[in-house]
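Engineer:
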Amino acid sequence: MDFPIIDSHVHIWDTSQLDYPWLATQPALNRPFLLKDFDAARGPIEVEQFVFVQAECRPEQALDEVAWVSMLAKEDPRIGGIVAYAPLETGEAVRDQLERLAAFPLVRGIRRIVFEEDDVAFCTSQPFIAGVRALAEFGLSFDLALSSSQLVAAAELADACPDVRFVLDHIGKPDVKNRERAPWMLGLPALAECPNVWCKLSGVTTQADHDLWTPDELRPYLNFAVENFGINRVMFGGDWPVSTLAVSYPIWVGVLHYVLEECSNDELRAVFHDNTAEFYRLRPPSPATA
């Protein structure tokens, strides 16, 4: 590709600054992953900008996480946007936290992970819908972090919140490892029919066998996502450093480029650059940092 990329999905964390309980079960990730580590991991891949996505620190530290990343962005303008955490299931009560989050100029969206909930209809409860609807008042989008069994419910949520823009993380987490496509292939088209929903081409290798996956094994899943959402509603996501459990950053870029080999250069630029900039309303970098 003859252009730098914009990554829609990057995490950084410092375990000496904030507490991330989930890392206790992930020894390979249970250490700081900072901007210098991202630069080492990306290798020859030129990253013009990226969107920081909340990394599941303790909920009471969510504002601290945004403040920390905002501080880092003053030194590294590649941090073009922030997706923060908010407890949307609290309904109208979430407005106070949304107001405080929206005061940070880089906050572009909210993510409240749903795939950890046993109830497949969790995101269609009235309080949750009310919390998501409130995002529109603050100009915020919503990142859908779902399991494949929750896709149909997510379509109901998107229909109920037409003024909010959604993006599906990790193409809806299909079970690539066990080759179980049924719930995912039924639910993804329903969600893609919602014009206010986009999709991140991210996190697919970690849904496969971490050691034995192949690009051709991933191709049907990625192609199905692109066919349903269309080239102008999909975007590249690195999911670094979680992705390091299964793939290096340059190889993931190469895999997606390989899968999209029939795309024109303009279409590749849409996926790897323009769509993320449009969805998250990223400002073009200054000439000094381009």
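Okay, so the sequence shown: first residue is 1 according to our numbering, each after it adds one. Using N, Cα and C, we set each Cβ at its ideal position, and we do this for glycine too. Computed from a predicted structure; not experimentally measured.
(1) Buried or exposed for residue 122, going by 16 or more other Cβ atoms inside 10 Å?
(2) Let me confirm a value: residue 174 is counted as buried when at least 16 other C-beta atoms fall within 10 Å, else exposed. Which label applies?
(3) Does the beta-carbon distance from residue 238 to residue 201 come in below 8 Å?
(4) Kindly indicate which three-state DSSP category residue 273 falls into: helix, strand or coil?
(5) Shortest alpha-carbon distance to residue 233 belongs to which of 268, 212, 255, 249?
(6) With a CB to CB cut of under 6 Å and the five nearest residues on each side skipped, what residues in its chain are close to residue 170?
(7) Just checking, does the segment 133 to 148 make contact with the segment 108 to 118 on the three C-beta pairs under 8 Å criterion?
(8) Assuming residue 29 and residue 14 form a contact by the criterion Cβ under 8 Å, report the distance between their Cβ atoms to the nearest whole angstrom.
(9) What separation, rounded to the nearest whole angstrom, lies between the Cα atoms of residue 263 and residue 220?
(10) Residues bridged to residue 188 by DSSP?
(11) Just how far apart, CA to CA, sit residue 257 and residue 39?
(12) Would residue 244 and residue 8 be called neighbours here (beta carbons separated by less than 8 Å)?
(13) What does residue 49 pair with, by DSSP beta-bridge criteria?
(14) Have a look at residue 152 and residue 60 and give me their C-alpha separation to the nearest angstrom.
(15) From residue 124 to residue 181, what distance separates their C-alpha atoms?
(16) Spell out the partners DSSP gives residue 198 in its beta bridges.
(17) Below 6 Å CB to CB, which residues in the same chain sit around residue 289 once its five sequence neighbours on both sides are set aside?
(18) Nearest-angstrom Cα distance between residue 160 and residue 132?
(19) Helix, strand or coil: how does DSSP classify residue 251 here?
Structural biologist: Per the coordinate set shown:
(1) In the sequence shown, counting from the first residue as 1, residue 122 sits at position 122. Its Cβ being crowded by 16 or more others within 10 Å, residue 122 is buried.
(2) The residue given as residue 174 occupies position 174 in the sequence shown. So residue 174 counts as buried.
(3) Working through the sequence shown from its first residue, we reach residue 238 at position 238. Working through the sequence shown from its first residue, we reach residue 201 at position 201. Taking 8 Å as the cut-off, the beta carbon of residue 238 is found no closer than this to the beta carbon of residue 201.
(4) For the purposes of this step, residue 273 is taken as the residue at position 273 of the sequence shown. Under the three-state reduction of DSSP, residue 273 is assigned to helix.
(5) Here the question's residue 233 lines up with position 233 in the sequence shown. Comparing Cα positions, the closest option is 268.
(6) Taking the sequence shown and counting its residues from 1, one reaches residue 170 at position 170. Correct list, in chain order: 202, 203.
(7) Judged by Cβ distances under 8 Å, the segment 133 to 148 makes contact with the segment 108 to 118, as three or more pairs qualify.
(8) For the purposes of this step, residue 29 is identified with residue 29 of the sequence shown, where counting begins at 1. For the purposes of this step, residue 14 is identified with residue 14 of the sequence shown, where counting begins at 1. Going by Cβ atoms, the distance from residue 29 to residue 14 rounds to 13 Å, so no, they are not a contact pair.
(9) Position 263 of the sequence shown, counted from the start, is the residue given in the question as residue 263. Position 220 of the sequence shown, counted from the start, is the residue given in the question as residue 220. When rounded, the distance between both Cα atoms is 16 Å.
(10) Position 188 of the sequence shown, counted from the first residue, corresponds to residue 188. Answer by DSSP bridge pairing: none, since residue 188 is not bridged.
(11) Residue numbering aside, residue 257 sits at position 257 when the sequence shown is read from its first letter. Residue numbering aside, residue 39 sits at position 39 when the sequence shown is read from its first letter. The alpha-carbon atoms of residue 257 and residue 39 are separated by roughly 20 Å.
(12) Here the question's residue 244 lines up with position 244 in the sequence shown. Here the question's residue 8 lines up with position 8 in the sequence shown. Going by C-beta atoms, residue 244 is not nearer than 8 Å to residue 8.
(13) Walking along the sequence shown from the start, residue 49 turns up at place 49. According to DSSP, residue 49 shares a beta bridge with 6.
(14) As a position in the sequence shown, residue 152 is number 152, starting the count at 1. As a position in the sequence shown, residue 60 is number 60, starting the count at 1. If I take the Cα positions, the gap works out to 30 Å.
(15) Position 124 of the sequence shown, counted from the first residue, corresponds to residue 124. Position 181 of the sequence shown, counted from the first residue, corresponds to residue 181. Between the C-alpha atoms of residue 124 and residue 181 there is a straight-line separation of about 23 Å.
(16) The residue labelled residue 198 in the question sits at position 198 within the sequence shown. Partner(s): 167.
(17) In the sequence shown, residue 289 corresponds to position 289, counting from 1. At residue 289 the pLDDT is 49, less than 50, meaning the model places this residue with poor confidence; the figure from the coordinates comes in the next sentence. Contacts found: 77.
(18) Position 160 of the sequence shown, counted from the start, is the residue given in the question as residue 160. Position 132 of the sequence shown, counted from the start, is the residue given in the question as residue 132. Between residue 160 and residue 132, the C-alpha separation is close to 9 Å.
(19) Counted from its first residue, the sequence shown places residue 251 at position 251. Here residue 251 sits in helix by DSSP.
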